[in-house]
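Visitor: Going by UniProt numbering, the residue at position 9 of the sequence shown is 9; the numbering climbs one at a time, nothing skipped. Cβ atoms here follow ideal geometry from the backbone N, Cα and C, with glycine treated the same way. Just dropping this structure here.
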Amino acid sequence: MTRSESGPSSGGPNAPDPCGPGPCGQCGAVVGARAMFCHACGAVLPPAPLDPFTRLGLERRADLDPARVARQYSGFARAFTGDRFANRDEAQRANARAQLAALDDALATLTDPARRARALKALDESTGAPAPTTP
Ligand SMILES: [Zn+2]
1 MTRSESGPSS
11 GGPNAPDPCG
21 PGPCGQCGAV
31 VGARAMFCHA
41 CGAVLPPAPL
51 DPFTRLGLER
61 RADLDPARVA
71 RQYSGFARAF
81 TGDRFANRDE
91 AQRANARAQL
101 AALDDALATL
111 TDPARRARAL
121 KALDESTGAP
131 APTTP
């Protein structure tokens with residue numbers, strides 16, 4: 001925790017994204033809002049405040065196929081299970097646990113029709129326009 005701001009050798013201006021992905025806590029690289037790992041140093045990032053649809057890479061709709069939700073979940077969750085973070089420091093392991101917990105929560109929300117409907121409704125109320133699903 002001795003290194004501080006002004007990251008190394010980044011090409012462009014580090015304009016902060018208004019949606020607020022912070023810079024990587026390990027190396028200071030600017031990371032995307034949906035990134036789970038730092039592209040520069042591979043550090044596990046804390047989970048971004050995403051809606052459950054975005055977190056699992058699914059469209060915002062009421063009639064999602066549960067099998068597809070489960071498939072998306074296991075694709076993302078695979079990155080955080082097992083022993084692959086055993087040698088990382090405690091902050092990294094905590095971030096990995098938080099990422100997995102966020103994915104678990106998204107799965108639970110999207111596979112429960114009542115919770116999914118509530119999540120959709122909350123999104124409708126918070127964003128007037130449809131959000132982009134892919135950059
Ligand atoms: Zn990094």
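#1: Beta carbon of Glu48: closer than 6 Å to some heavy atom of ligand 1?
#2: Assuming contact is defined by CB atoms lying nearer than 7 Å, are Ala98 and Pro47 in contact in what I supplied?
#3: Mapping the DSSP letters down to three states, classify residue 146 as helix, strand or coil.
#4: Is Thr108 near ligand 1, in the sense that its beta carbon is under 6 Å from a heavy atom of that ligand?
#5: Please classify Ala86 as buried or exposed, where buried requires at least 16 neighbouring CB atoms within 10 angstroms.
#6: Report the option in Gly57, Arg116, Ala119 and Glu90 whose CA atom is closest to the CA atom of Ala77.
#7: Whose CA, out of Asp112, Asp105, Ala114 and Ala94, lies closest to the CA of Ala43?
Guide: The short version:
#1: Before going further, note that residue 48 is Ala rather than Glu in the sequence given. Answer for Ala48: no, Cβ out of range of ligand 1.
#2: yes
#3: With the chain covering 1 to 135 only, the question about residue 146 has no answer from this structure.
#4: A small fix is needed here, since residue 108 is Ala in this sequence, not Thr. The answer is no for Ala108.
#5: Counting Cβ neighbours within 10 Å, Ala86 comes out exposed, since fewer than 16 surround it.
#6: Gly57
#7: Ala94
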